[in-house]
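A.B. asks:
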Amino acid sequence: MSPDQNACVGRAGVGGAASLQAAHESEQRPSVEDLLREYQIDERLANPAPRWIGVFDDLLTAGTHFVAMKRILAARFPGIRIQGFFIARSVFPNPFEEAPAK
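Structure follows, in C-alpha cells:
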C-alpha cells in the first residue's frame, strides 16, 4: 500500500485554535464539548481521505481527548475506522534506594 492509501491523523492533522493547559495539570479538566470547540481539522492533510485513522495519546484517564478527537474525525471522515492507542507509565520509588537518615 502506498502512503496515499493509508493515513494516520493525529495532532499533525487535528489541532486547536488555542493551546490548552495539560488536563493533568489543571484543577478543572476540559469536557468533550470544550475540546470540540477547540479542535479543527487541517484540511491540507485531509485529501485523499484516509482508509484508517490511528489516534495516539500519551495517557488514558477519562478518555475525554480521545472521545473528542474521534467525534471530530468521524464527522469529517464518516465510515472510516478510527482506533486509539494509549501510552501510560507509572513512576514508583526505587525500593533499593536507601531512605534518608532521620
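Numbered according to my numbering, the sequence shown spans residues 43 to 144. Glycine is no exception: its CB is placed at the ideal position from the N, C-alpha and C atoms.
#1: Can you give me the start and stop residues for the beta strand (DSSP E) that R123 sits inside?
#2: V97 to I124, Cα distance in whole Å?
#3: Tell me which same chain residues have a C-beta within less than 6 Å of the C-beta of L112, skipping the five on either side of it?
#4: Enumerate, from N- to C-terminal direction, the unbroken alpha helix (DSSP H) stretches of 4 or more residues contained entirely within the region 63-97.
#5: Here's the rule I'm using: 16 or more other beta-carbon atoms within 10 Å means buried, otherwise exposed. How should P120 be labelled?
#6: If A110 sits next to V74, beta carbons under 8 Å apart, how far is it from one beta carbon to the other, in whole angstroms?
#7: Which two residues bound the contiguous alpha helix (DSSP H) that contains A110?
C.D. replies: Inspection of the coordinates gives the following:
#1: For this step, residue 123 is matched to residue 81 along the sequence shown. Where R123 is concerned, the enclosing beta strand (DSSP E) stretches over R123 to F128.
#2: Numbered from its first residue, the sequence shown carries residue 97 at position 55. Numbered from its first residue, the sequence shown carries residue 124 at position 82. One C-alpha to the other measures close to 7 Å.
#3: Along the sequence shown, one-based indexing puts residue 112 at 70. Just to set this straight, residue 112 is Lys in the shown sequence, not Leu. Once the five neighbours on either side are set aside, the close Cβ partners of K112 are I124.
#4: 74-80
#5: Residue 120 sits at position 78 when you count from the first residue of the sequence shown. It is exposed - the Cβ of P120 has fewer than 16 other Cβ atoms within 10 Å.
#6: Position 68 of the sequence shown, counting from 1, holds the residue named residue 110. Position 32 of the sequence shown, counting from 1, holds the residue named residue 74. Going by Cβ atoms, the distance from A110 to V74 rounds to 5 Å, so yes, they are a contact pair.
#7: The residue labelled residue 110 in the question sits at position 68 within the sequence shown. Residues T106 to R118.
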